[in-house]
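Quick notes on the structure that follows.
Residue numbers (the numbering used here): 21 to 190.
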């Protein structure tokens, strides 16, 4: 789930979020994480208009995308799953473009961005992006969603570490 989901309640010093007071009660069944996220977001005044929720690969779940859309809030998630995608109109019948990663790979590189990796190292990333009509997992009853995907790939990585190769979804 999103890593940024601890938020101050209005003007009080009380914190909101599923990570606050993280303990279980034997009398209450645990709240599913996606439901806990929607409850916290709903309790923060103005949160849907001014928040961007950040999640790592474990946040790449269809329920999170649906909840964020229902609440009108924004998020960015490091993509883990190569989801089903609607086939582009110009795709050949046996083209593997029915997956998000194939459609993202077909997008042209849009530019370069310089980042600082640590205090002593900077590197360049090639960046591309695409809006892709993403389908729900087979057997799930969710609506398709047009999600924005970003691919950032490091140019000339040093041999001492793996290259930066991130796929992000919004």
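Note that beta-carbon positions come from the ideal geometry of N, C-alpha and C, so glycine has one too.
| message | DSSP has residue 148 in a bridge; who is on the other side? | response | For the purposes of this step, residue 148 is identified with residue 128 of the chain shown, where counting begins at 1. According to DSSP, which records beta bridges pairwise, residue 148 is partnered with 171.
| task | Using only alpha-carbon positions, find the residue among 155, 85, 99, 95 that is nearest to residue 187. | result | Here residue 187 is taken as the residue at index 167 of the chain shown, counted from 1. When each option's Cα is compared against that of residue 187, the closest is 99.
| task | Determine whether the Cβ of residue 153 lies closer than 8 Å to any Cβ atom of chain D. | result | Given the protein chain composition of this structure (a single chain), no chain D is represented.
| task | Thinking residue 96 and residue 74 are a contact (beta carbons under 8 Å), I'd like their distance in whole angstroms, please. | result | Counting from one through the chain shown, the residue named residue 96 turns up at place 76. Counting from one through the chain shown, the residue named residue 74 turns up at place 54. Confirmed, about 6 Å.
| message | Taking only three categories from DSSP, how would you classify residue 104? | response | In the chain shown, residue 104 corresponds to position 84, counting from 1. If DSSP states are grouped into helix, strand and coil, residue 104 belongs with the strands.
| message | With the cut-off set at 8 Å, would you say residue 190 and residue 168 are in Cβ contact? | response | What you label residue 190 is simply residue 170 of the chain shown in a count that begins at 1. What you label residue 168 is simply residue 148 of the chain shown in a count that begins at 1. Result yes, Cβ atoms of residue 190 and residue 168 sit closer than 8 Å.
| query | Rounded to a whole number of angstroms, what is the C-alpha to C-alpha distance between residue 72 and residue 81? | reply | Working through the chain shown from its first residue, we reach residue 72 at position 52. Working through the chain shown from its first residue, we reach residue 81 at position 61. Going by the C-alpha atoms only, they are around 17 Å apart.
| task | Please classify residue 87: does DSSP put it in a helix, a strand, or coil? | result | Counted from its first residue, the chain shown places residue 87 at position 67. It is helical.
| message | Going by beta-carbon coordinates alone, are residue 148 and residue 130 separated by less than 8 Å? | response | Taking the first residue of the chain shown as 1, we reach residue 148 at position 128. Taking the first residue of the chain shown as 1, we reach residue 130 at position 110. The answer is yes: Cβ separation under 8 Å.
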